[in-house]
Every structure is written in C-alpha cells, then in structure tokens.
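Asks:
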Amino acid sequence: MVKPSYGDLPPKEAESAVLTDAGSRQGPPAGIPDIEAPALKKASASYLTLISLANFGVAMAFIVPMSYSLAVRISQLAPGHEELLGYVTGTAQFISIAASPLVGVWSDRFRSRLGRRTPFMIGGALLGILGLLGISLAPSVLLIGLGWVFGLFGWAAAGQAILNLQADRIPEEQRGKISAFSGLSAQIAPVLGIGIAYAVSSSTLLVFLVPGLVGLALVALFSLVKREGSSAGLVHNSTVTVKALLTSYTFSPRKHPDFGWNWLGRFIFFMGLYFNTTFGSFFYAQRLGLPIKEVAGTVALIGMLGIVAATAGALTGGFLSDKLRRRRLFAFLGGLLFLAGGITEAYAHSFITLLVGALIMQCAIALFSAVDQAIIFAVLPDRAQAGRYLAVVGFAQRIPSAIAPLLAPFIIVLGAAGGEKNYTALYLTGAALALLGSLIILLKIKSVR
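Just so we're aligned, residue 158 is where the sequence shown starts under this note's numbering, counting upward by one.
Structure representation (structure tokens):
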C-alpha cells in the first residue's frame with residue numbers, strides 16, 4: 158500500500174496524519190524525509206518589512222552592550238582594566254557558540270502550533286532581557302560576565318531563528334533584498350541603540366533594558382502579525398540521536414566545497430571586523446582625548462552619519478546583486494572598501510579623519526554582509542536543515558567575535574608607549590584580514606556568480 162505524501166494534504170489533515178504515524182515516535186512513512194523544507198514563494202513587502210524590523214530589534218538588543226554599555230559597566234566596576242571587556246565578551250561567545258548547533262537541530266525538528274522558529278525567537282528574546290537586567294544590577298565583573306552569557310545566548314537564539322526563517326521562506330530572486338535589509342538593520346540598530354543608551358545614561362538599568370525591550374517588542378510584532386504556522390506537517394520524526402547532535406557541529410568541505418569556501422572567507426572577514434570594532438569605544442576615547450563615559454555621544458554621531466553610508470552599501474549590494482545575478486564581485490568590493498576604511502582609521506587623530514574612515518567601513522560592512530548572506534542561502538547543503546547549517550555558518554562569524562577580543566589585547570600592547578594602546582596595529586591587522594576573506598569568496602566559490 159502506498160501512503161500519501163503529507164505535503165499533498167490540507168494542513169489540518171496533514172497534522173493529524175503526522176501525529177497518528179509519529180505518535181509512537183517510530184519515524185515517518187517510507188519515502189518521506191524526517192524534515193521537509195517549506196515551499197519557497199515570493200514574500201510580500203509587509204513580510205520583508207516586519208522580519209527586517211525584528212532583525213533590527215535583536216541587533217539593537219545585543220550589539221549595544223557589545224559596542225558600548227558593557228564597556229561603560231566594566232569601567233564603573235574596574236576602571237583602567239580594559240582587557241576585562243575582552244574576557245567577558247569572549248567567554249560568553251564561546252559558550253553561545255558551543256550551544257548554537259544544538260539549538261539549530263532542535264529548531265529544525267521542533268513541532269508546535271507556532272512553528273519551528275517562532276518559539277526560539279520569543280524564548281530567546283525573553284532570556285536576553287533577563288540577562289541584560291542581571292548585568293545592570295550586577296555588583297561585580299564576574300556577575301556581569303554571567304549575565305552576558307545568558308543575555309548573548311538568548312539574543313543569539315532569537316537572531317538565528319530569524320535567519321532560519323529567511324532561508325525557509327525567501328526565494329532566490331529576493332535574497333539579495335532581504336540580505337540588504339538585514340545587513341542595513343544590523344548597521345543602524347547599534348547606532349540608534351547607543352543614542353538611546355546615551356539619552357538614558359543617568360540610569361544604568363535603562364541603558365541595558367531599553368534596547369532589550371525594543372528588541373522584544375519588534376520580535377513579538379513580527380511573530381504575531383506574520384504567523385509562521387504549525388510545523389507538524391514539516392517535521393515527521395522528532396527523535397534526535399547522539400550521532401545527529403555530534404554531526405551537527407560539522408560539514409564535509411569535500412561534498413560541499415562552496416559552502417566550505419564561503420565559511421572560510423566569512424570567518425577571516427569577520428575576524429578583521431571584530432578586531433576593528435570590539436575596542437571601538439576605547440579607541441575613540443584615546444584618539445579624541447575623551448573619558449570613556451563621554452565617548453557615547455561621539456560614537457552615536459559618527460554612527461548616525463554612517464547610516465547613509467551603510468544604506469548605500471547594503472542597498473547597492475543587495476539590489477544590484479539580485480538584478481545582475483552576481484554576488485561574489487560585490488563581496489570582494491566590500492573587502493576593498495573595508496581595507497580603505499581600516500587604513501584611514503588606523504592613522505586618524507582627529508574627528509574628521511575618524512569620521513571618514515568610519516563612513517567607508519560602515520559602507521563596506523553593509524555591502525559585504527548583504528551579499529554574503531545571499532550567497533549563504535544559495536550554497537546551503539540542505540535547506541530543510543537550515544537551522545543546523547546556518548548555526549555552522551554562524552561559527553564563521555561568532556568564533557571570530559570570541560577570538561578577536563581575546564587576541565586584540567596582545568596586539569594593542571605591541572610597541573605601546575606612554576600608557577597608550579597601539580590601535581594602529583590592531584586596525585591595520587583587521588583591514589588586511591577583511592580583504593583576504595573577501596578575496597577567498599571571489600576566487601573559490603564556483604556555483605554562485
């Protein structure tokens with residue numbers, strides 16, 4: 158007897174059939190995979206807008222602490238010990254990185270009326286809020302670190318769920334656009350977030366809590382208005398073996414070479430990026446002769462002006478790469494621009510020069526991020542397991558975000574004199590790495606133009 162494909166049944170009948178067969182946890186009928194990818198169809202403008210806003214909220218919630226408020230909090234409890242920022246952010250990143258493939262596998266196989274991804278968006282945002290609250294009230298650097306472990310893990314899970322939904326739902330012809338919007342929102346969010354944090358800087362609690370509440374509100378808005386739908390018709394077997402968990406951390410570069418080369422190029426690019434951003438507040442404070450607590454206004458001003466540059470980079474890369482059907486060239490242009498911006502900032506000692514370098518770099522980051530995300534969607538080994546493979550892709554960004562803060566303290570003390578850190582060496586190193594990463598993507602990926 159040939160059993161019908163559940164994908165051919167109406168949603169309620171499919172759910173009933175799956176629950177009947179899978180209720181015993183014996184697996185799906187023959188010929189039906191454990192997990193099926195949802196159908197790709199053109200997304201509406203409102204869907205693209207709301208998912209971009211959700212991504213914006215998550216970016217604001219976790220990038221503001223990384224780029225500003227954690228540095229302020231640590232300087233309050235341990236003044237003069239800038240290296241503690243690297244230890245706090247690096248440790249939290251390592252823990253979050255280790256758990257992300259497990260979250261990805263769980264998300265791929267999650268059966269609920271809300272869908273596979275929505276529970277992780279909402280749950281992650283709530284956990285992130287609790288972590289930020291803990292940091293604002295922590296009496297020691299150790300407890301700040303513990304709070305950031307929970308905060309980063311929560312917001313990372315929410316952001317990963319949003320990215321998974323993009324792989325689930327967005328067709329090839331719109332991937333440049335959604336990647337552009339995502340990259341742009343990630344550029345704008347910390348700028349506006351730091352501005353908000355500066356406006357409420359008299360209250361440590363609000364500095365952390367307000368960006369987090371914005372993130373939670375936008376995630377909830379998207380989840381409620383654009384419901385994902387039940388995942389019972391997509392997930393036919395919720396059993397996860399130990400082997401599946403272990404293999405979720407790996408992929409075969411031999412079987413999937415383009416996925417592997419993109420991973421490597423992305424890893425090297427983001428290593429350069431995090432060299433040039435992790436200590437941004439301290440860098441601006443040194444070059445402009447300002448106390449660390451007063452640098453937020455300068456960072457926010459440079460960031461606000463940089464929104465125009467980021468918008469140009471993201472939209473140019475995303476829309477033109479969709480129109481011209483070419484991705485790799487635009488990724489390389491992002492690396493070249495990053496090199497130019499990094500060199501400019503490395504030798505900058507005035508506000509104007511810092512501004513020029515920052516504008517170039519924000520354009521570069523937005524351009525590269527928009528195009529590379531579209532490349533990622535194109536080279537995924539299995540779209541039905543987007544959660545698993547995008548978690549592995551996340552390693553290429555998140556491992557650098559953990560390693561760079563731990564390596565940067567060694568670079569900034571090389572040749573340092575008079576108590577000033579050697580940020581010139583740090584920014585030049587970052588710029589060179591970013592160019593190398595984009596060059597790998599240009600020369601090695603073959604299946605994407």
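Beta carbons are placed, not taken as given, at the ideal position from N, Cα and C, and that holds for glycine.
Computed from a prediction, not measured in an experiment: that's the story for all the values here.
(1) Assuming residue 603 contacts residue 475 (C-beta within less than 8 Å), just tell me the rounded distance between them.
(2) Just to confirm the assignment, what range does the alpha helix (DSSP H) spanning residue 298 have?
(3) Taking the alpha helix (DSSP H) that residue 337 belongs to, which residues open and close that run?
(4) Using 8 Å as the Cβ pair cut-off and three pairs as the minimum, do the segment 375–393 and the segment 222–235 touch?
(5) Between 461, 528, 360, 477, which has its C-alpha nearest residue 492's C-alpha?
(6) Are at least three pairs of beta-carbons, each pair with one atom in the segment 323–331 and one in the segment 194–201, less than 8 Å apart?
(7) Evaluate contact between the segment 297–311 and the segment 245–259, counting only Cβ atoms and requiring at least three cross-stretch pairs below 8 Å.
(8) Does DSSP put residue 616 in a helix, a strand or coil?
(9) How long is the line joining the alpha carbons of residue 450 and residue 272, rounded to whole angstroms?
(10) Examine the Cβ distances between the segment 358–366 and the segment 531–549 and report whether three or more of them are shorter than 8 Å.
(11) For residue 382, does the three-state DSSP call read helix, strand or coil?
(12) On a CA-only basis, which of 559, 532, 556, 552 is nearest residue 598? Give me that one, please.
(13) Check the C-beta distance from residue 586 over to residue 432 and give it rounded, since I have them as a contact under 8 Å.
(14) Considering only residues of the same chain and omitting the five flanking positions on each side of residue 447, which have a CB-CB separation below 8 Å?
(15) Can you find at least 3 beta carbon pairs, one from the segment 338–350 and one from the segment 253–269, that sit closer than 8 Å?
(16) Could you give the distance in angstroms between the alpha-carbon of residue 423 and the alpha-carbon of residue 377?
(17) With DSSP as the reference, label residue 577 as helix, strand or coil.
(18) Between which two residues does the alpha helix (DSSP H) harbouring residue 121 extend?
(19) Just mark residue 149 as buried or exposed, buried being the case when its beta carbon has 16 or more other beta carbons within 10 Å.
(20) CA-CA distance, residue 391 and residue 552?
(21) Is residue 392 helix, strand or coil by DSSP?
(22) Does DSSP classify residue 270 as helix, strand or coil?
(23) Once you ignore the five residues that flank residue 332 on each side, which residues in its own chain have a CB closer than 6 Å to its CB?
(24) Can you say whether residue 584 is buried or exposed, counting buried as having 16 or more other CB atoms within 10 angstroms of its CB?
(25) For residue 514, is the beta carbon positioned less than 7 Å from some heavy atom of the ligand FAD?
(26) Considering only C-alpha positions, which residue in the set 427, 312, 262, 460 is nearest to residue 373?
Replies: Taking the definition as stated:
(1) By one-based count along the sequence shown, residue 603 stands at place 446. By one-based count along the sequence shown, residue 475 stands at place 318. That belief does not hold up - the Cβ atoms of residue 603 and residue 475 are roughly 22 Å apart, past 8 Å.
(2) Position 141 of the sequence shown, counting from 1, holds the residue named residue 298. Bounds of the alpha helix (DSSP H) holding residue 298 are 298–326.
(3) Here residue 337 corresponds to residue number 180 of the sequence shown, with the count starting at 1. From DSSP, the alpha helix (DSSP H) with residue 337 extends over 329–356.
(4) no
(5) Translated into the one-based positions of the sequence shown, residue 492 becomes position 335. It is 528 whose Cα lies nearest to the Cα of residue 492.
(6) yes
(7) yes
(8) Since the first and last residues shown for the chain are 158 and 606, residue 616 lies out of range.
(9) Within the sequence shown, numbered from 1, the residue matching residue 450 stands at position 293. Within the sequence shown, numbered from 1, the residue matching residue 272 stands at position 115. Spanning the two alpha carbons is a distance of roughly 43 Å.
(10) No, the segment 358–366 is not in contact with the segment 531–549.
(11) Start at 1 with the first residue of the sequence shown, and residue 382 comes out as number 225. Helix.
(12) By 1-based counting over the sequence shown, the position of residue 598 is 441. Checking every option, the nearest Cα to that of residue 598 belongs to 532.
(13) In the sequence shown, counting from the first residue as 1, residue 586 sits at position 429. In the sequence shown, counting from the first residue as 1, residue 432 sits at position 275. Right, their Cβ atoms sit about 6 Å apart.
(14) As a first step, residue 447 must be located in the sequence shown, where it is residue number 290. Excluding residues within five positions, the ones whose Cβ falls inside 8 Å are 441, 455.
(15) no
(16) Here residue 423 refers to the residue found at position 266 of the sequence shown. Here residue 377 refers to the residue found at position 220 of the sequence shown. If you draw a straight line from the Cα of residue 423 to the Cα of residue 377, it comes to about 30 Å.
(17) On the sequence shown, position 420 is the one that residue 577 refers to. DSSP places residue 577 in strand when its eight states are reduced to three.
(18) Since the first residue of the chain shown is 158 and the last is 606, residue 121 is not available in this structure.
(19) Residue 149 cannot be examined here, being either before or after the span of the chain that is shown, 158 to 606.
(20) Along the sequence shown, one-based indexing puts residue 391 at 234. Along the sequence shown, one-based indexing puts residue 552 at 395. Distance between the alpha carbons of residue 391 and residue 552 is about 26 Å.
(21) Along the sequence shown, read from residue 1 onward, the residue named residue 392 stands at position 235. In the structure shown, residue 392 sits in a strand (DSSP, three-state: E or B).
(22) Counting from 1 along the sequence shown, the entry for residue 270 is found at position 113. Residue 270: coil per DSSP, three-state reduction.
(23) As a position in the sequence shown, residue 332 is number 175, starting the count at 1. For residue 332, where only same-chain residues beyond five positions count, the Cβ hits under 6 Å are 531, 534.
(24) Sequence index remark: in the sequence shown, residue 584 carries index 427 (1-based). In the assembly as shown, residue 584 is a buried residue. Its beta-carbon has 16 or more other beta-carbons within 10 Å.
(25) Judged by which ligands are present, the structure shown has none, so any question about the ligand FAD falls away.
(26) To locate residue 373, count along the sequence shown from 1; it is residue 216. Comparing Cα-Cα distances from residue 373 to each of 427, 312, 262, 460, the minimum goes to 312.
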